[in-house]
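Residue numbers (our numbering): 265 to 761. Glycine is no exception: its CB is placed at the ideal position from the N, C-alpha and C atoms. Below: the structure, in structure tokens.
Here it is as structure tokens:
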């Protein structure tokens, strides 16, 4: 026999489920209010779902490759790097980089080589931060009127420290009385550095960051196995863009490689693709991939940047490669493209869009490489920096971000003897005259892209919740109907009696 109490419960349940679902659909505060005001929200999404990004390698200040050539003489390598850091003075470079950001005010900035230099004067003393490039850059943006902050969510910040060389007394001790006397009262100190990746957001977008995370690649380059390995990784943020979240990523793939084997950065790119694909959300991947589309370079072609060349494991790249014809197995660039990511541009195969090739001291192009860059007026030889977008994200426009040496605008006057010598030699090769030596703000050209997230793609994350609300209404109707049918059956039975 049907219990009347169950009829009442079913009716009540139906009313609760139906009202709850309807309230979520119609409430202006509810996630699904977008369904009721479809035209209004669509118009708003069209206006808000545009975002501008910049990828910028700000340069650790010294040439690691030149230092490695001095090994196993660690003190000599350390002294070379420290002198280059002093000559490439980040306190002079930071305001120029900040001014570049202020000129276009991108929403998100991907930073590579965010470097901290630490020193200690004694064997047992603690290390002191002498230079913090990221902190200096952020402070410089405050003076431009367009402030940037390190993206964060809760207690997590969008900074992934990569590899480091610790301050090791005797092994990495360097001499610099001008710097160390005021700090330590000594002429020398052991110094080391940590180099990492970071994501900045314009200060007015800080509250739009919803989440932050990072990861490290399992494939690493070992200079001295276990003792000296170069860790690389990535960091990401989820940022509200229009009506939904988009994930922004910055990474810096390995530059060093060993002859006769697959480049480490190619393996890292495969890891990155697998991770990003697994997220299943709109993504923008930016950074220094240390990969030119022409790599692996045929042995018969110029290779001024000493990029990976053809080996037994890696066949030479085809001439004029495209998505359809390129050999991707040893190329991070083509690995990304083949995986469905779009290079936001500008055209990576055009020599005019090369992004690397300056001298380690930033005093214009490297003279040795300059002769091998006939099609680039500024002496850049390789394209290494990119903005990649996942399917559904539209590229409105893209451009390079850089001062144009030797034009003084955006440059700083440098006075180190080696910088002056390099600038004079480069100017002579280029057939120009310099009144003084000028230096670049960093050794890479940046990449800027303005992107649009189509309204359906942005709203997809919220649309995924709509079936739940629909089911609430459906279940409510079913419960209410069941209650009514049961009540009718009881009513009829009692009348028949």
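Once DSSP output is grouped into helix, strand and coil, what is the label at residue i?
i: residue 600; result: helix
i: residue 420; result: strand
i: residue 486; result: strand
i: residue 333; result: coil
i: residue 498; result: strand
i: residue 764; result: Past the edges of the chain, shown from 265 to 761, lies residue 764, and the structure says nothing about it.
i: residue 664; result: strand
i: residue 586; result: coil
i: residue 615; result: helix
i: residue 397; result: helix
i: residue 346; result: helix
i: residue 636; result: coil
i: residue 414; result: strand
i: residue 581; result: coil
i: residue 432; result: coil
i: residue 605; result: coil
i: residue 327; result: coil
i: residue 469; result: helix
i: residue 709; result: coil
i: residue 359; result: helix
May I have the straight-line CA-CA distance separating residue i from residue j, to the nearest angstrom?
i: residue 325; j: residue 622; result: 12 Å
i: residue 647; j: residue 320; result: 13 Å
i: residue 461; j: residue 651; result: 15 Å
i: residue 569; j: residue 500; result: 29 Å
i: residue 727; j: residue 715; result: Here residue 727 scores only 43 on pLDDT, less than 50, and its place in the model should not be relied on; the value that follows carries that caveat. The straight-line gap from Cα to Cα measures roughly 22 Å.
i: residue 713; j: residue 523; result: 35 Å
i: residue 531; j: residue 590; result: 17 Å
i: residue 355; j: residue 399; result: 11 Å
i: residue 369; j: residue 386; result: 44 Å
i: residue 510; j: residue 497; result: 20 Å
i: residue 315; j: residue 625; result: 34 Å
i: residue 610; j: residue 617; result: 7 Å
i: residue 212; j: residue 627; result: In this structure the chain extends from 265 to 761, so residue 212 is not present and cannot be described.
Here's the rule: buried if 16 or more other CB atoms are within 10 angstroms of the residue's CB, otherwise exposed. What is residue i?
i: residue 544; result: exposed
i: residue 696; result: exposed
i: residue 599; result: buried
i: residue 444; result: buried
i: residue 639; result: exposed
i: residue 595; result: buried
i: residue 655; result: exposed
i: residue 642; result: buried
i: residue 576; result: exposed
i: residue 367; result: exposed
i: residue 614; result: exposed
i: residue 377; result: buried
i: residue 571; result: buried
i: residue 632; result: exposed
Taking 8 Å as the cut-off, decide whether the C-beta atoms of residue i and residue j are in contact.
i: residue 687; j: residue 698; result: yes
i: residue 630; j: residue 711; result: no
i: residue 657; j: residue 549; result: no
i: residue 373; j: residue 464; result: yes
i: residue 597; j: residue 580; result: no
i: residue 384; j: residue 331; result: no
i: residue 634; j: residue 690; result: yes
Does residue i come within less than 8 Å of chain C when only Cβ atoms are used?
i: residue 564; result: Looking at the structure shown, chain C is missing, and only one protein chain is on hand.
Query - Contact the region 678-688 vs the region 648-664: 3+ CB pairs below 8 Å - result: Flag = no, the region 678-688 and the region 648-664 do not touch.
Query raised in the report: Do three or more CB pairs link the region 357-369 to the region 422-436 at distances below 8 Å?
Result: A contact between stretches requires three or more CB pairs, one per stretch, nearer than 8 Å, and the region 357-369 fails this requirement with the region 422-436.
Query raised in the report: Do the region 557-566 and the region 504-519 touch if we need at least three Cβ pairs shorter than 8 Å?
Result: No: fewer than three Cβ pairs fall under 8 Å.
Query raised in the report: Touch check for the region 343-358 and the region 527-546: three-plus C-beta pairs under 8 Å?
Result: The region 343-358 and the region 527-546 do not touch, with fewer than 3 CB-CB distances between them shorter than 8 Å.
Query raised in the report: How about the region 465-473 and the region 439-452: do they share at least three Cβ pairs that are nearer than 8 Å?
Result: Cβ pair count under 8 Å is below three, so no.
Requested in this report: Determine, using beta-carbon pairs with one atom in the region 471-485 and one in the region 385-395, whether at least three such pairs fall under 8 Å.
Outcome: Verdict: no, contact absent.
Query raised in the report: When the Cβ atoms of the region 663-675 are set against those of the region 580-587, are three or more pairs found closer than 8 Å?
Result: Contact between the region 663-675 and the region 580-587 is not established, with fewer than three Cβ pairs separated by less than 8 Å.
Query raised in the report: Is the number of C-beta pairs between the region 322-337 and the region 406-421 that are closer than 8 Å three or more?
Result: The region 322-337 is not in contact with the region 406-421.
Report task. Count the C-beta pairs between the region 431-446 and the region 332-346 that are closer than 8 Å, then say yes if the count reaches three, no if not. Result -> They touch, by the three-pair rule.
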